[in-house]
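Here is the structure we will look at, set down as structure tokens.
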Amino acid sequence: MSAEQQYIDFYREAAATICARSCPAMNAAREAAFHTFSAQGFPSRKVERYKYTDVKADFAPDYGISLAPLQVAGTPFCTTLAQAGEAVAAHYGQVADTADPVVALNTMLSVDTLVVHVPHGTRAAHPIQISHLLSGEADDVMVNRRLLIVLGERAQADVVITEHARDQRRFLTNQVVEVVAADGSTLNLYEVEETHLMCTRYSSLFIRQGRDSHVSHTTLTLFNGHTRNRTDVALQGEGSGVTLGGCVIADKTQRVDNNTLIDHQAGHCTSRELYKYVLDDSAVGAFAGRILVRPGAQKTVSQETNANLCSARSARMYTQPMLEIYADDVKCSHGSTVGQIDDAALFYMRQ
Numbered sequence: 004m005s006a007e008q009q010y011i012d013f014y015r016e017a018a019a020t021i022c023a024r025s026c027p028a029m030n031a032a033r034e035a036a037f038h039t040f041s042a043q044g045f046p047s048r049k050v051e052r053y054k055y056t057d058v059k060a061d062f063a064p065d066y067g068i069s070l071a072p073l074q075v076a077g078t079p080f081c082t083t084l085a086q087a088g089e090a091v092a093a094h095y096g097q098v099a100d101t102a103d104p105v106v107a108l109n110t111m112l113s114v115d116t117l118v119v120h121v122p123h124g125t126r127a128a129h130p131i132q133i134s135h136l137l138s139g140e141a142d143d144v145m146v147n148r149r150l151l152i153v154l155g156e157r158a159q160a161d162v163v164i165t166e167h168a169r170d171q172r173r174f175l176t177n178q179v180v181e182v183v184a185a186d187g188s189t190l191n192l193y194e195v196e197e198t199h200l201m202c203t204r205y206s207s208l209f210i211r212q213g214r215d216s217h218v219s220h221t222t223l224t225l226f227n228g229h230t231r232n233r234t235d236v237a238l239q240g241e242g243s244g245v246t247l248g249g250c251v252i253a254d255k256t257q258r259v260d261n262n263t264l265i266d267h268q269a270g271h272c273t274s275r276e277l278y279k280y281v282l283d284d285s286a287v288g289a290f291a292g293r294i295l296v297r298p299g300a301q302k303t304v305s306q307e308t309n310a311n312l313c314s315a316r317s318a319r320m321y322t323q324p325m326l327e328i329y330a331d332d333v334k335c336s337h338g339s340t341v342g343q344i345d346d347a348a349l350f351y352m353r354q
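Count along the sequence shown from 1, add 3, and you get the number used in the numbering used here.
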């Protein structure tokens, strides 16, 4: 049986149960996602955005599935999609790349969505922390998570997402996060992953920004097995700005792939990216960042940097910064470095 077929067969058998436990907004997108996934299957390395990750190998095991209800507590800004108002629920599936098979699989199988909604003109007094703790009695566990963050005009919030694993089992997480930042809003989003070598994580983050909005996203990969982070940002309103930062510390057989796209659709927008990797042993790192400046997006200012350190000869780093510019009044730069620690420096550090 192919890696895709087990999910296709499961959905055909369990679709009625999944829909019964979900809500209309999610069910409305489910069948289209199923057809997308059935037609495309998992992407191969020939697909540019997946060239550094073997998706089929990660999804091939039979992980099973849990239909447990989502439990939400701790902050007045959090709820589930089934309980959110229609205006908020209408954003579901409108920001994510629905043509991506990994996103489509999540849309097929997710039962509920955690919603963080900060209304117009409201400032969250304290950081909102979302903690994911992987646990299960089965040998292999798959988790499909969905998160929707909606900030109204001039709203402000800090959101922290952490991921940990309590049990030494094989876990596969397929997470999709959609962010809607309205005009004048400010969001600081942090993600921290600290699990173990048997954990595989696919995270797809999609951000849509309005006029004069500002979003900062920082991801820290401290310990993991295999991680593939996708981050897409659409700067749709003039004067909007985004900052993307990433720090990866990997050794043993860890693998971390960060893939980003910043789409400058409007003028007078800014974007800054800085990703740093430190790799040891047989760890493998990858970074591919694309900056797209569309026609008419004048006065764009964009900077992209990827700095990497391999402290062992067996460690591998692949880096691909990209600029694609269709406007003539812009300031854009990109660069990457990969270095090793001098043998003499290592000797003295170990004393």
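Just so you know, even glycine gets a beta-carbon here, dropped at the ideal spot from N, CA and C. Since the model is a prediction, treat every value here as computed from it, not as a measurement.
Using the rule of at least 16 other Cβ atoms within 10 Å of the residue's Cβ for burial, across every protein chain shown, is Arg204 buried or exposed?
Counting from 1 along the sequence shown, the entry for residue 204 is found at position 201. The residue is buried, with at least 16 neighbouring Cβ atoms inside 10 Å.
Rounded to whole angstroms, what is the Cα-Cα separation between Asp266 and Gly249?
Numbered from its first residue, the sequence shown carries residue 266 at position 263. Numbered from its first residue, the sequence shown carries residue 249 at position 246. Asp266 and Gly249: Cα-Cα distance of roughly 19 Å.
For the beta strand (DSSP E) that contains Arg233, what are its first and last residues?
Walking along the sequence shown from the start, residue 233 turns up at place 230. Annotation: the continuous beta strand (DSSP E) that includes Arg233 extends over His229 to Leu238.
Starting from Lys54, trace the beta strand (DSSP E) in both directions and tell me its first and last residue.
Translated into positions along the sequence shown, residue 54 becomes position 51. Where Lys54 is concerned, there is no enclosing beta strand (DSSP E), given that its DSSP letter is neither H nor E.
Does the Cβ-Cβ distance between Val182 and Val218 come in under 8 Å?
Counting from 1 along the sequence shown, the entry for residue 182 is found at position 179. Counting from 1 along the sequence shown, the entry for residue 218 is found at position 215. In this structure, Val218 lies closer than 8 Å to Val182 by Cβ.
Between the C-alpha atoms of Thr224 and Gly342, what's the straight-line distance to the nearest angstrom?
The residue labelled residue 224 in the question sits at position 221 within the sequence shown. The residue labelled residue 342 in the question sits at position 339 within the sequence shown. Looking at the two C-alpha atoms, the distance is approximately 20 Å.
In the DSSP output, what is Pro324 paired with across the bridge?
In the sequence shown, counting from the first residue as 1, residue 324 sits at position 321. The partner list for Pro324 (beta bridge, DSSP) reads Gly292.
First and last residue of the uninterrupted beta strand (DSSP E) at His359:
Look at the range of the chain in this structure, 4 to 354, and you will see that residue 359 is not part of it.
Inter-residue spacing [alpha-carbon to alpha-carbon] between Val119 and Ile210
Residue mapping note: residue 119 aligns to position 116 of the sequence shown, counting from 1. Residue mapping note: residue 210 aligns to position 207 of the sequence shown, counting from 1. Distance between Val119 and Ile210, taken at the CA atoms: about 14 Å.
Going along the chain, which residues of its own chain have a beta-carbon closer than 7 Å to the beta-carbon of Phe37, five neighbours each way excluded?
Against the sequence shown, residue 37 aligns to sequence position 34. Excluding sequence neighbours, Phe37 sits near Tyr14 and Met111.
Go ahead and pull the three-state DSSP assignment for Glu16.
Locating residue 16 in the sequence shown gives position 13, counting from the first residue. In this structure, Glu16 counts as helix in the three-state DSSP scheme.
Would Ala184 and Gly213 be called neighbours here (beta carbons separated by less than 8 Å)?
One-based indexing of the sequence shown puts residue 184 at position 181. One-based indexing of the sequence shown puts residue 213 at position 210. Going by beta carbons, Ala184 and Gly213 fall inside the 8 Å limit.
For the candidate residues Val287, Gln8, Ser243 and Ser47, whose alpha-carbon lies nearest to that of Ser216?
Counting from 1 along the sequence shown, the entry for residue 216 is found at position 213. Considering only alpha carbons, the answer is Ser243.
Which listed residue (Arg319, Ala93, Ala158 and Phe226) has its alpha carbon closest to that of Thr116:
Position 113 of the sequence shown, counted from the first residue, corresponds to residue 116. With respect to the C-alpha of Thr116, the residue from Arg319, Ala93, Ala158 and Phe226 having the closest C-alpha is Ala93.
Taking the beta carbon of His229 as the centre, do at least 16 other beta carbons fall within 10 Å, making it buried, or is it exposed?
As a first step, residue 229 is located in the sequence shown; it is residue number 226 there, counting from the start. The residue in question, His229, is buried, as its Cβ has 16 or more Cβ neighbours within 10 Å.
Within 10 Å of its beta-carbon, does Leu137 have 16 or more other beta-carbons around it, so buried, or fewer, so exposed?
Sequence index remark: in the sequence shown, residue 137 carries index 134 (1-based). It counts as buried.
Specify whether the region 324-333 and the region 286-300 touch according to this definition: at least 3 beta carbon pairs, one from each stretch, less than 8 Å apart.
In short, these stretches touch, since the Cβ pair count reaches three.
Taking the alpha carbon of Arg231 as the reference point, which residue from Asp65, Ser134, Ala160 and Thr263 has its own alpha carbon closest?
Within the sequence shown, the letter at position 228 stands for residue 231. For Arg231, the closest of Asp65, Ser134, Ala160 and Thr263 by C-alpha to C-alpha distance is Thr263.
Taking DSSP as the reference, what is the three-state secondary structure of Ser41?
Position 38 of the sequence shown, counted from the start, is the residue given in the question as residue 41. Reduced to three states, the DSSP call for Ser41 is helix.
Hey, could you find the ends of the alpha helix (DSSP H) Met111 is sitting in?
Counting from one through the sequence shown, the residue named residue 111 turns up at place 108. Note, Met111: alpha helix (DSSP H), Pro104 to Leu112.
Need the endpoints of the beta strand (DSSP E) that Glu241 sits in, please.
Locating residue 241 in the sequence shown gives position 238, counting from the first residue. Element bounds for Glu241: n/a, residue is neither H nor E.
So, with DSSP's three-state summary, where would you put Cys272?
Within the sequence shown, residue 272 is the residue found at index 269, counting from 1. The answer is coil: DSSP assigns Cys272 none of H, G, I, E or B.
Val163 - DSSP class collapsed to helix/strand/coil
Residue numbering aside, residue 163 sits at position 160 when the sequence shown is read from its first letter. Looking at Val163 - three-state DSSP - the assignment turns out to be strand.
Relative to the C-alpha of Thr308, which residue among Lys334, Glu276, Lys302 and Gly299 is closest?
Reading the sequence shown from its first residue, position 305 is the one you call residue 308. Of the candidates Lys334, Glu276, Lys302 and Gly299, Glu276 places its Cα closest to the Cα of Thr308.
With H, G and I counted as helix, E and B as strand and the rest as coil, what does DSSP make of Tyr10?
Here residue 10 is taken as the residue at index 7 of the sequence shown, counted from 1. Residue state, collapsed to three classes: helix.
Residue closest to Asp186, alpha-carbon to alpha-carbon, out of Thr101, Glu194 and Ala158:
Here the question's residue 186 lines up with position 183 in the sequence shown. Closest by C-alpha distance to Asp186, out of Thr101, Glu194 and Ala158, is Ala158.
Excluding the 5 residues flanking Arg126 on each side, which residues of the same chain have their C-beta closer than 8 Å to its C-beta?
The sequence position of residue 126 within the sequence shown is 123, counting from 1. Result list for Arg126: Ala158, Gln159 and Ala160, in chain order.
Check for me: the alpha helix (DSSP H) holding Val424 runs from which residue to which?
Nothing can be reported for residue 424, as the shown portion of the chain is limited to 4 through 354.
Residues in the same chain with beta-carbon distance under 6 Å from Gln178, minus the five sequence neighbours each way, listed in chain order, please.
In the sequence shown, residue 178 corresponds to position 175, counting from 1. Arg148 and Ser206, listed in sequence order.
Based on Cα-Cα distance, which residue from Glu156, Leu190, Ala168 and Val153 lies nearest to His135?
Within the sequence shown, the letter at position 132 stands for residue 135. His135 has its Cα closest to that of Ala168, out of Glu156, Leu190, Ala168 and Val153.
Report all residues from its chain with a CB closer than 6 Å to the CB of Gln3; omit the five preceding and five following residues, and keep chain order.
Nothing in the structure corresponds to residue 3, since the chain is present only between 4 and 354.
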